[in-house]
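One structure is given below, encoded as structure tokens.
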Amino acid sequence: DAGVTQSPTHLIKTRGQQVTLRCSPKSGHDTVSWYQQALGQGPQFIFQYYEEEERQRGNFPDRFSGHQFPNYSSELNVNALLLGDSALYLCASRRIAGGSYEQYFGPGTRLTVT
Amino acid sequence: LAKTTQPISMDSYEGQEVNITCSHNNIATNDYITWYQQFPSQGPRFIIQGYKTKVTNEVASLFIPADRKSSTLSLPRVSLSDTAVYYCLVGDMWSGATNKLIFGTGTLLAVQP
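Here it is, written out as structure tokens:
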């Protein structure tokens, strides 16, 4: 049973460019959340997707957007990249039905903006 | 979501028991306490969760006093591989789609030989 997978593992972009990160949730999970983790900091919640809709959003600008597909996989898009967007981007999944409280995290995508 | 306070870092030696305490004075009635472990460049890994008293699983124990304003994660007989950042989170994990996790800066546990 595969856990949460993310692609790519590493990515280097230039300021002003756009980037798309991908996440496949753990089998049986229907909810995906995205987090940004800067070096030396704890993960910061970006947003959560459930039933292909954004359900909750953290304190991130509109440059950060996402999508969830019918197979529950998800994308995170960041437009007009800034140097400060350099971070580890984490995807986490869980199963809403049944009241499961445990979120499983993927290995993350390391984004470097130059 | 309740704010949490943890020590920034702790040192230990292999084979010792380690206790990491987290304070959460504003914990609400519906809040649970959850601990995650994170290794460098990896996603956080769920360790344990509890509501009150004591919870134990195969890797750790969680002690929560009656007033629930603090909690202590206990790791028995740590090894070098337990060197990681440990996060304490407090929140209502059961309210439908409300499941965003609020991480603090965590506690860096360094285990030495």
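If you're matching them up, the sequences are chains A and B in order.
All the letters of the first sequence, read from the start, carry residue numbers 210 to 323 under my numbering.
All the letters of the second sequence, read from the start, carry residue numbers 81 to 193 under my numbering.
Glycine included, C-beta positions come from ideal geometry on N, C-alpha and C.
Exercise. Does ARG148 of chain B come within less than 9 Å of chain A when only Cβ atoms are used?
Worked result: At a cut-off of 9 Å between beta carbons, ARG148 of chain B makes no contact with chain A.
Problem set entry | Distance between LEU320 of chain A and THR114 of chain B (C-alpha atoms, nearest Å) | Taking the straight line from one Cα to the other gives about 28 Å.
Exercise. Which one or two residues does DSSP pair with ASN40 of chain B in a beta bridge?
Worked result: Residue 40 of chain B lies beyond the stretch modelled for chain B, which goes from 81 to 193, so this question has no answer here.
Exercise. Any idea if ASP59 of chain B is buried or exposed, counting beta-carbon neighbours within 10 angstroms, 16 or more meaning buried?
Worked result: It is not possible to answer for residue 59 of chain B, since the shown part of chain B is limited to 81 through 193.
Exercise. Using the C-alpha atoms, what's the distance from ILE88 of chain B back to CYS168 of chain B?
Worked result: Spanning the two alpha carbons is a distance of roughly 12 Å.
Exercise. GLY130 of chain B CB to nearest chain A CB: under 9 Å?
Worked result: So, not an interface residue.
For this session: Could you have a look at SER295 of chain A and say whether DSSP puts it in helix, strand or coil?
Result: Under the three-state reduction of DSSP output, SER295 of chain A falls in the coil class, being neither helix nor strand.
Problem set entry | Inter-residue Cα distance where the pair is VAL135 of chain B and GLY212 of chain A | Between the alpha carbons of VAL135 of chain B and GLY212 of chain A lies a distance of about 25 Å.
Problem set entry | ASN268 of chain A versus A:TYR313, A:TRP243 and A:GLU260, residue with shortest Cα-Cα distance | Closest by alpha carbon: A:TRP243.
Exercise. SER161 of chain B by DSSP, collapsed to three states: which one?
Worked result: In the three-state reduction of the DSSP assignment, SER161 of chain B falls in the helix class, which pools H, G and I.
For this session: Starting from SER121 of chain B, find everything on chain A with Cβ-Cβ shorter than 9 Å and list it in chain order.
Result: From the beta-carbon of SER121 of chain B, the residues of chain A found nearer than 9 Å are LEU297, PRO316, GLY317 and ARG319.
For this session: Using a threshold of 9 Å, state whether the C-beta atoms of VAL322 of chain A and ARG224 of chain A are closer than that.
Result: With respect to ARG224 of chain A, VAL322 of chain A sits close: the two C-beta atoms are nearer than 9 Å.
Exercise. How would you label HIS104 of chain B, buried or exposed, when you count the other beta carbons within 10 angstroms and need 16 or more for buried?
Worked result: Buried.
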